[in-house]
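One structure is given below, encoded as structure tokens.
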Amino acid sequence: MRRAALATGAVVVLGLPWAVPRYFVFLASLIVVNSIVAIGLNLLSGYTNQLSFGHAGFLAIGAYTGALLTIHAPALPVPAALLVAGLVTAAVGLALGIPCLRLEGLYLAMATLAFGFVVVEAILNLDWITRGNDGLRVPAARLGPIALATDTARYYLTVAVAALLILAALNIARTRTGRALLAVRESEIAAQASGVHLAAYKTLAFVLSAFYTGVAGGLFALVVGFLSPDSFDVFLSVDFVAMIIVGGLGSVPGSVLGAAVITTLNDSLAGFQNYRPLIFGAILIASMLFMPGGIASALRKLSVAGAAGYPGTAPPAAKPRQGDDP
Amino acid sequence: MLSVEDLSISFGGLDALSGLSLEVTEREIFALIGPNGAGKSTVFNVVTGLYRPSRGRVTFRGDDLLALAPHEIARRGVGRTFQNTEVFRQLTAIDNVLVGRHAHLRSGVLRGAFGLASVRREEAEARELARRLLARLGLAEVADTEAGSLPLGYQKRLELARALAAEPRLLLLDEPAGGLNPTETQTLMKLIQRLRDESGLTLLLVEHDMELVMGISDRVAVLDYGRKIAEGKPREIAADPAVVEAYLGSGDGA
Ligand SMILES: Nc1ncnc2c1ncn2[C@@H]1O[C@H](COP(=O)(O)OP(=O)(O)OP(=O)(O)O)[C@@H](O)[C@H]1O
Ligand SMILES: [Mg+2]
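Line order of the protein sequences matches chains A and B. Mind the numbering: the first sequence is residues 1 to 326 in this note's numbering, read in order. Mind the numbering: the second sequence is residues 327 to 580 in this note's numbering, read in order.
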């Protein structure tokens, strides 16, 4: 059942560029990029309960790093450029994460919000290299002999990178690191009593989260092809938070679903800019009221209820079904 | 093994502990009793590094615990449970135990991310051990249940399983029988004795259930208003006039 769903999903994802118009291929790439950001944000907010309203800042750092590498070091293969974009952003995540250890809740939200503004300001001030408000045109990147010049080529690149990062996130989630992160969220004192180094794991969450978002930024630069500071405003950070709330805090598949919903919605509402905050607010409130665990947990409950609804296939009562990720 | 000397700590003018000294020797079951608010849990919180005392020394097997962070103290072999259970509510029971195993596992974030064979092997072994521990505490059936949805008695045992997964040398139990029925308390008593006799653990426990305390402790110390008012063998304590006075005076017969 699960295997069949995965196989169907893979066929849909890989076949998509041949079935839909070009614009939707671009939109799908954007969804994939945002999925990576949402997973990164979820590692921080969903796993360790550190809310960030500054992830557009991390995305910008990854995007500009990736773009500048593509421009100034065209011989560098794309995977290497993306890795550097991730690592540079992770280093910034480390620098932000350490002072943020002292902050919680609202104060942390304010600090990360301010970080987002600082990044935009920095891009404007470094205009000799970022071209400030004029924006930066990103040339097609090369993968060996192939230039990634079409939407389809860029789509496959984002899908490949996302697949690797999703696999890595699932692996992290179900082993020692993921459990320690969740333990920190659930009870700091009990986590410490179990030998978990609180500060190290909270900082690690920042670093991991920034790495994911930085790689996504590198992809974003290639997919969009043009960067300017106003693409990374605070509303984008809020969108990312909306993705993980709608999708499901602490869930990797939920991150992907949330990214798909919010990105698509954003695109369809492009003509109604004035009503956007209203519609978004309504969706967020409704999802928190009626789907507190996000789409991920709603689907989980549905599938459990569905299984129990058919006599003969009901799972034994003493063995409740385990979630697909902790 | 654990030595507490001249410990004092206060919270906003209230002296929770004043000049407390205790000496717990290896393989001993040591009980700490006293009326509500006497400072028993505060002793645990100081020993495990959550509270910083204003005065005193705490040493464990030669280490100065006051110089260590809570997770370092845990890694030196001091395990604990909490009075108001602190299970990881949204994690399954087995994942709770696996967090308890944290310090013994090696896989870091990179090796974990790549899902290397060594990580998978380590995980499989840890799961095996966690299942054995759960079974030992009668929790095998609920291994995959979210800890927060378990009844209190189960959560108490789960905390114990999580603490044992770390293979501590000294285990601090804060009211392990609180909320348990008489049968469960009997089982718990036997388990605590087996832990000492078979695994060589040293136990420091806070407990209001006098039957349990008198039944299994080697020595008992009595706290009242942050001071030690008596210490000795269970029989001596039960007969001590100062102890009787403290309990009757507090109007709490526990
Ligand atoms: N973090 C804290 N902040 C302020 N006061 C505290 C704190 N921890 C303990 N106290 C106070 O210190 C005193 C001792 O508390 P403690 O929890 O150690 O008592 P106890 O002996 O464990 O009691 P009980 O049997 O009710 O668990 C109490 O008066 C309590 O209110
Ligand atoms: Mg107490």
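Idealized CB from N, CA, C, for every residue including glycine.
* **Beta-carbon spacing of Leu43/A, Ser231/A below 8 Å** => Here residue 43/A corresponds to residue number 43 of the first sequence, with the count starting at 1. Here residue 231/A corresponds to residue number 231 of the first sequence, with the count starting at 1. No; because the gap between Cβ atoms is not below 8 Å, this pair is not in contact.
Practice item. Look up Leu328/B in the DSSP assignment and give the residues it is bridged to. Key: For the purposes of this step, residue 328/B is identified with residue 2 of the second sequence, where counting begins at 1. Partner(s): Val350/B, Phe386/B.
Kindly indicate which residue of Val350/B, Leu346/B, Glu354/B has the alpha-carbon position closest to the one of Gln519/B.
Reading the second sequence from its first residue, position 193 is the one you call residue 519/B. Looking at the Cα atoms, Glu354/B is the closest of the given residues.
Using C-beta distances below 6 Å, list every residue in its chain close to Glu349/B, excluding the 5 sequence neighbours before and after it, in chain order.
Taking the first residue of the second sequence as 1, we reach residue 349/B at position 23. Taken in chain order, the residues that qualify are Ser329.
Residues of its chain near Gly132/A, where Cβ-Cβ distance is below 6 Å and the 5 sequence neighbours each way are ignored
Residue 132/A sits at position 132 when you count from the first residue of the first sequence. Closer than 6 Å at Cβ, skipping near neighbours: Leu124.
- Message: Measuring straight from C-alpha to C-alpha, what distance separates Thr374/B and Ile146/A?
- Response: Your numbering for residue 374/B matches position 48 in the second sequence. Your numbering for residue 146/A matches position 146 in the first sequence. For Thr374/B and Ile146/A, the distance between alpha carbons rounds to 59 Å.
- Item | 9 Å Cβ cut-off: residues of chain A touching Leu431/B | Residue mapping note: residue 431/B aligns to position 105 of the second sequence, counting from 1. Simply Thr175, Arg176.
Discussion item. So for Ser35/A, helix, strand or coil by DSSP?
Written reply: The count along the first sequence starts at 1 and reaches residue 35/A at position 35. Correct three-state label for Ser35/A: helix.
Exercise. Return the chain-ordered list of same chain residues with a C-beta closer than 6 Å to the C-beta of Pro17/A, the five sequence neighbours on each side being excluded.
Key: Within the first sequence, residue 17/A is the residue found at index 17, counting from 1. Closer than 6 Å at Cβ, skipping near neighbours: Val25, Thr152, Tyr155.
- Would you mind stating whether Asp544/B and Ala556/B have Cβ atoms separated by less than 8 Å? Within the second sequence, numbered from 1, the residue matching residue 544/B stands at position 218. Within the second sequence, numbered from 1, the residue matching residue 556/B stands at position 230. No. Outside cutoff.
Checklist line | Cα-Cα separation, Arg585/B to Ala364/B | finding: The structure shown does not extend to residue 585/B, since chain B is modelled only from 327 to 580, so the question has no answer here.
Among the residues of its own chain, which have a CB less than 6 Å from the CB of Leu170/A, if the five just before and after it don't count? Reading the first sequence from its first residue, position 170 is the one you call residue 170/A. Val252, listed in sequence order.
Starting from the beta carbon of Ala183/A, find every residue of chain B whose beta carbon is closer than 9 Å, and list them in chain order. As a position in the first sequence, residue 183/A is number 183, starting the count at 1. Within chain B, the residues near Ala183/A are Phe414, Leu417, Asp421, Asn422, Val425, His428.
Closer than 7 Å to a non-hydrogen atom of ligand 1 - does that hold for the CB of Ser367/B? Stepping through the second sequence from its first residue, residue 367/B is reached at position 41. Yes - ligand 1 has a heavy atom lying nearer than 7 Å to the Cβ of Ser367/B.
Check the Cβ of His72/A against every Cβ in chain B and list those closer than 8 Å, keeping chain order.
Working through the first sequence from its first residue, we reach residue 72/A at position 72. The premise fails here: His72/A is roughly 29 Å from chain B at the closest Cβ pair, so nothing lies under 8 Å.
Below 8 Å on the Cβ atoms is my guess for Leu90/A versus Phe220/A; work out the distance and round it to an integer in Å. Counted from its first residue, the first sequence places residue 90/A at position 90. Counted from its first residue, the first sequence places residue 220/A at position 220. It should be noted that the sequence gives Ala, not Leu, for residue 90/A. The pair is not a contact, with the Cβ atoms about 16 Å apart (cut-off 8 Å).
- Query: Which of helix, strand or coil does DSSP assign to Asp470/B?
  - Reply: Here residue 470/B refers to the residue found at position 144 of the second sequence. Here Asp470/B sits in coil by DSSP.
Discussion item. Here's the rule: buried if 16 or more other CB atoms are within 10 angstroms of the residue's CB, otherwise exposed. What is Ile279/A?
Written reply: Residue numbering aside, residue 279/A sits at position 279 when the first sequence is read from its first letter. Classification for Ile279/A: exposed.
| said: Quick check on Arg427/B: buried or exposed, where buried means 16 or more other Cβ atoms within 10 Å of its Cβ? | reply: As a first step, residue 427/B must be located in the second sequence, where it is residue number 101. Looking at its Cβ environment, which holds 16 or more other Cβ atoms inside 10 Å, Arg427/B is buried.
Determine the DSSP secondary structure at Asp500/B, reduced to helix, strand or coil. Here residue 500/B refers to the residue found at position 174 of the second sequence. DSSP places Asp500/B in strand when its eight states are reduced to three.
Problem set entry | As assigned by DSSP and simplified to three states, the class of Leu529/B | Locating residue 529/B in the second sequence gives position 203, counting from the first residue. Strand, per DSSP.
For this session: Can you give me the Cβ contacts of Ala260/A inside the same chain, cut-off strictly under 6 Å, excluding the 5 residues immediately before and after it?
Result: Indexing the first sequence from 1 puts residue 260/A at position 260. Hits under 6 Å: Ile31.
Could you have a look at Val373/B and say whether DSSP puts it in helix, strand or coil?
Taking the second sequence and counting its residues from 1, the one referred to as residue 373/B is at position 47. Reduced to three states, the DSSP call for Val373/B is helix.
**Q.** Among Ile61/A, Ala168/A, Ala216/A, the one whose alpha carbon lies nearest that of Ala38/A
**A.** Indexing the first sequence from 1 puts residue 38/A at position 38. Measuring from the Cα of Ala38/A, the nearest candidate turns out to be Ala216/A.
How about the stretch 164-180 of chain A and the stretch 94-109 of chain A: do they share at least three Cβ pairs that are nearer than 8 Å?
no
Under 7 Å from any heavy atom of ligand 1, does the C-beta of Gln192/A make it?
Reading the first sequence from its first residue, position 192 is the one you call residue 192/A. Incorrect: Gln192/A has no Cβ contact closer than 7 Å to ligand 1.
Next on the checklist: Against Arg179/A, what residues of chain B qualify as contacts under a CB-to-CB distance less than 8 Å, listed in chain order?
Outcome noted: Position 179 of the first sequence, counted from the first residue, corresponds to residue 179/A. Those are Leu417, Asp421, Leu424, Val425, His428, listed as they occur along chain B.
* Determine, using beta carbons only, whether Gln192/A comes closer than 8 Å to chain B. => Counting from one through the first sequence, the residue named residue 192/A turns up at place 192. Yes, Gln192/A lies at the interface with chain B (some Cβ there is under 8 Å from its Cβ).
Assign Ile129/A to buried or exposed, taking buried as 16 or more other Cβ atoms, counted over all protein chains shown, within 10 Å of its Cβ. Residue mapping note: residue 129/A aligns to position 129 of the first sequence, counting from 1. Exposed, since its Cβ has fewer than 16 Cβ neighbours within 10 Å.
| Three-state secondary structure (DSSP) at Ser543/B? | Along the second sequence, read from residue 1 onward, the residue named residue 543/B stands at position 217. Of the three classes helix, strand and coil, the one that applies to Ser543/B here is coil, per DSSP.
Check: Under a three-way DSSP split, which group does Asp233/A fall into?
Finding: Locating residue 233/A in the first sequence gives position 233, counting from the first residue. Looking at Asp233/A - three-state DSSP - the assignment turns out to be coil, as it is neither helix nor strand.
Q: Count the other CB atoms, across all protein chains shown, that sit within 10 Å of the CB of Tyr47/A; report buried if there are 16 or more and exposed otherwise.
A: By 1-based counting over the first sequence, the position of residue 47/A is 47. Its Cβ being crowded by 16 or more others within 10 Å, Tyr47/A is buried.
| said: Following a CB-centred definition, is Gln512/B positioned closer than 7 Å to any heavy atom of ligand 3? | reply: Of the ligands this structure carries, namely ligand 1 and ligand 2, none is ligand 3.
| Backbone secondary structure at Thr418/B - three-state DSSP | Here residue 418/B refers to the residue found at position 92 when the second sequence is read from its first residue. Three-state result, Thr418/B: strand.
Exercise. From Lys482/B to Asn507/B, what distance separates their C-alpha atoms?
Worked result: In the second sequence, residue 482/B corresponds to position 156, counting from 1. In the second sequence, residue 507/B corresponds to position 181, counting from 1. If I take the Cα positions, the gap works out to 12 Å.
Item checked: Under 9 Å from the C-beta of Pro379/B: neighbouring residues of chain A -> For the purposes of this step, residue 379/B is taken as the residue at position 53 of the second sequence. Neighbours of Pro379/B on chain A: none; closest Cβ ~17 Å, over 9 Å.
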